[in-house]
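Below is one structure, written out as structure tokens; comments come after it.
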Amino acid sequence: MIPYTAIAGLGITQQGKVYDRNHVGFAVEAVQLALADAGLDRGDLDGLLLNPGLSWGEAAMGSFQLQQAMGLRNLRLSATMNAGGATAAAMIQHAGGAIAAGMCTTVACVFSDAPLKPPKPQGAEKGGGGSAGAYGFARGLDAAYGQFGINAMYAMVARRHMHVYGTSNDHFGAVAVAQRQWANRNPAAQLHETPLTLEDYHRSRWVVEPFHLLDCCLVSNGGVAVIVTSAERARDLKRPPVYVRGMGQGHPGGDPAETLTSGAVLAKETALRMAGLTLADVDVVELYDCYTFTVIVCLEDYGFCKKGEGGPFVADGKTAPGGALPVNTGGGQLSSFYMWGMTPISEAVIQLRGDGAARQVPDARVALVSGNGGILSTHSTLILSGER
Amino acid sequence: MPPYTKPIPTVTPELRPFFEAAKRRELVVQRCRGCGTYRFPARELCSNCLSRASEWVRVSGAGEVFSFNVMHQVYHPGFAGEVPYAVVIVKLAEGAKMTSNLVGVLPGDIRIGMPVRVVFEDISDEVTLPRFAAVSSPGV
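Protein chains in written order, with my numbering: chain H, 1 to 388; chain Z, 389 to 528.
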């Protein structure tokens, strides 16, 4: 199928311990960078989708706030979206649908956050304020038992995976090490200059067993924006288009510790069918790595290996530089920067444009990108390609 | 006895039967009147059959460890003296799952599938918290 939409611009602000602007400032800057990348200006935007990070708080009207901040006057599409970590890829999907339907022509899809505050930077794991337990809203019962935060909930699922499939901390560590090797080739990665061995991984402190610190994604201040427009129009813009060949979502519901399966199983069917491609056509894989564990689960659920064999697959070196299946080639959210699902999308665009420099995967033509949220409960997939 | 410094759950109307039963040293779980599915914590309707009718029924208190983690980070000062401590998900014999703690078992000794049985601890005048103990031999 000939793709209808394309990514025409990418904007990534400085990432990490950047304290001189807030979440709105990062969002505006990311959109400006993305517009400049595409060779457009803000007057060309008629669509705006925002995934608010933690700093936007309960900003149900976050996209309106961003519109006001940017002085956008002619939006025909505006919404604040939240499907957890699946949102970023889902925003591109909704933008594509709206463009295909003729509602608008040029949509900025935006994520920004600034949870790190000086002078006391937080640790590298996500915060402990989660209110909704994986097992329902327990009104303080989880806290009474000492269960706090998302790390603790994912840890429960990871422990089941270890029990059922024999997955081990060596396997988790192999994910961290492989991605750090990629980050060491990416000057924009926060941990670019920090090598990592499996021994270093095991020495890193426990956060919530079975998760070491290095199993958990970074916390980052920053913003990322992507400009989506029609495939036809994208051809006339400044940079080579990255075509949206396939897209799908999967929201399985149920108890993730019971199923040990993400929504990738559903999402990939729709996305690959739309693209008319198979896994064998995929050159680079950019997975949503909130934890090392989720990389293993998603490799299984996409079918790159059998269920339960994600750990050995990574430990075998297949996902590292030089491996058969390059995964999270910028270092991912574990080692590069954590902009929710915008991290894997941005790296796919960089690879498909051939902008990866020292980390460039040769002949990268097709990228599979995932978003994952809600403790393996929400999922989105994009199949992107530099070729139609 | 030192004062209790960990978070004390609020006795909300929907969880009142749970806490009242715990005071009596009984474990109760909500059961759907439509399809009989046990569920915990309390919810307004059954996600299996969508019935809004439910009842609280006493369960055996027997179950097994379904999963667990070990918290090494202090998220609340009340747990500062306890890290590392384990949080468990117990799968009750009747089917519902509960987040809880094990008493008398070191984190390193916890195994998935361990048989456990409910025990009760009074933590305030209003709240008694069900926790679980390992069943080390048949009949205990």
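Backbone N, C-alpha and C fix where the C-beta goes; we use that ideal spot for every residue, glycine too.
When you compare each of the options to residue i by their alpha carbons, which one comes out closest?
i        : options                                   : result
Val349/H : Asp236/H, Ala364/H and Leu50/H            : Ala364/H
Cys437/Z : Ala430/Z, Cys423/Z and Arg446/Z           : Cys423/Z
Asp255/H : Gly71/H, Thr378/H and Gly97/H             : Thr378/H
Gly446/H : His251/H, Ala98/H, Lys307/H and Ala38/H   : The first residue shown for chain H is 1 and the last is 388, placing residue 446/H beyond what the model contains.
Tyr473/Z : Pro397/Z, Glu452/Z, Ile498/Z and Ser439/Z : Ile498/Z
Gly303/H : Leu54/H, Arg185/H and Val265/H            : Val265/H
Gly354/H : Gly341/H, Leu334/H, Gly330/H and Gly373/H : Gly330/H
Ala143/H : Val478/Z, Pro397/Z and Arg505/Z           : Pro397/Z
Pro395/Z : Ile150/H, Gly146/H and Asn169/H           : Gly146/H
Ser455/Z : Glu408/Z, Gly501/Z, Thr393/Z and Pro401/Z : Gly501/Z
Trp389/H : Ala450/Z, His460/Z and Arg413/Z           : This structure cannot settle anything about residue 389/H, because the visible part of chain H is limited to 1 through 388.
Leu382/H : Gln351/H, Leu368/H and Met1/H             : Leu368/H
Thr259/H : Gly57/H, Ile375/H and Ser63/H             : Ile375/H
Pro429/Z : Glu509/Z, Gly483/Z and Ser512/Z           : Gly483/Z
Gly47/H  : Gly71/H, Ile150/H, Met339/H and Glu193/H  : Gly71/H
His251/H : Ala101/H, Gly371/H, Thr105/H and Gly11/H  : Gly371/H
Ala100/H : His212/H, Ile150/H, Ile2/H and Gly263/H   : Ile2/H
Leu35/H  : Gly102/H, Thr106/H, Gly16/H and Ala95/H   : Thr106/H
Thr516/Z : Ser524/Z, Val523/Z, Ala522/Z and Val506/Z : Val506/Z
Considering residue i, what are the terminal residues of the alpha helix (DSSP H) in which it resides?
i        : result
Cys298/H : Thr292 to Tyr302
Pro344/H : Met342 to Arg353
Thr270/H : Ala264 to Ala275
His202/H : Leu198 to Arg203
Ser63/H  : Gly62 to Met70
Ala320/H : Unbroken run through Ala320/H: none, as it is neither H nor E.
Ala101/H : Neither: Ala101/H is in no alpha helix (DSSP H) and is coded neither H nor E.
Gly310/H : Gly310 to Ala315
Have a look at the DSSP bridge pairing and note the partners of residue i.
i        : result
Ser385/H : Tyr243/H and Val366/H
Phe520/Z : Leu490/Z and Val506/Z
Arg419/Z : Tyr426/Z and Glu443/Z
Met459/Z : Val208/H and Tyr473/Z
Thr80/H  : Leu50/H
Asn221/H : Gly16/H
Gly371/H : Ser380/H
Lys485/Z : Lys479/Z
Thr5/H   : Ser230/H
Cys216/H : Tyr291/H
Helix, strand or coil: how does DSSP classify residue i here?
i        : result
Pro495/Z : helix
Arg180/H : helix
Phe137/H : Model confidence at Phe137/H stands at a pLDDT of 42, short of 50, so the residue's coordinates are unreliable; what they give is reported in the following sentence. In the structure shown, Phe137/H sits in coil (DSSP, three-state: anything other than H, G, I, E or B).
Pro465/Z : helix
Leu376/H : coil
Tyr338/H : coil
Glu258/H : helix
Lys411/Z : helix
Gly16/H  : strand
Thr87/H  : helix
Val453/Z : strand
Gln249/H : strand
Glu286/H : strand
Leu33/H  : helix
Pro395/Z : coil
Ile227/H : strand
Leu10/H  : strand
Gly146/H : coil
Val478/Z : strand
Val327/H : strand
Gly128/H : Here Gly128/H scores only 38 on pLDDT, less than 50, and its place in the model is too uncertain to base an answer on.
Ala189/H : coil
Val28/H  : helix
Glu514/Z : coil
Asp281/H : helix
Leu438/Z : coil
In the DSSP assignment, the beta strand (DSSP E) including residue i goes from what residue to what residue?
i        : result
Arg505/Z : Pro503 to Asp510
Phe111/H : Thr106 to Asp113
Met156/H : Per DSSP, Met156/H belongs to no beta strand (DSSP E); it is in the alpha helix (DSSP H), Gly149 to Tyr165.
Ser168/H : No beta strand (DSSP E) holds Ser168/H; DSSP gives it neither H nor E.
Ala358/H : Note, Ala358/H: premise wrong, no beta strand (DSSP E); not H, not E.
Please indicate yes or no: does the CB of residue i lie closer than 7 angstroms to some heavy atom of the ligand COA?
i        : result
Ser385/H : As far as ligands go, the structure on display features none, and thus does not contain the ligand COA.
Okay, do the region 229-248 of chain H and the region 303-318 of chain H touch, 3+ Cβ pairs below 8 angstroms being the bar?
no
Measuring CB atoms only, is the region 161-169 of chain H touching the region 285-298 of chain H, in the sense that at least three cross pairs come out at less than 8 angstroms?
yes
Any 3 or more C-beta pairs closer than 8 angstroms across the region 77-97 of chain H and the region 137-152 of chain H:
no
Could you say if the region 361-375 of chain H and the region 21-30 of chain H meet the contact criterion of at least three C-beta pairs nearer than 8 angstroms?
With a cut-off of 8 angstroms, the region 21-30 of chain H and the region 361-375 of chain H do not count as touching, because too few Cβ pairs lie within range.
Check whether the region 109-118 of chain H touches the region 42-52 of chain H, taking contact to mean three or more Cβ pairs, one atom from each stretch, closer than 8 angstroms.
yes
Are the region 410-427 of chain Z and the region 437-453 of chain Z in contact at 8 angstroms, needing three or more beta carbon pairs?
yes
Does the region 81-99 of chain H come into contact with the region 219-231 of chain H, if we say contact requires no fewer than three beta-carbon pairs (one atom in each stretch) closer than 8 angstroms?
yes
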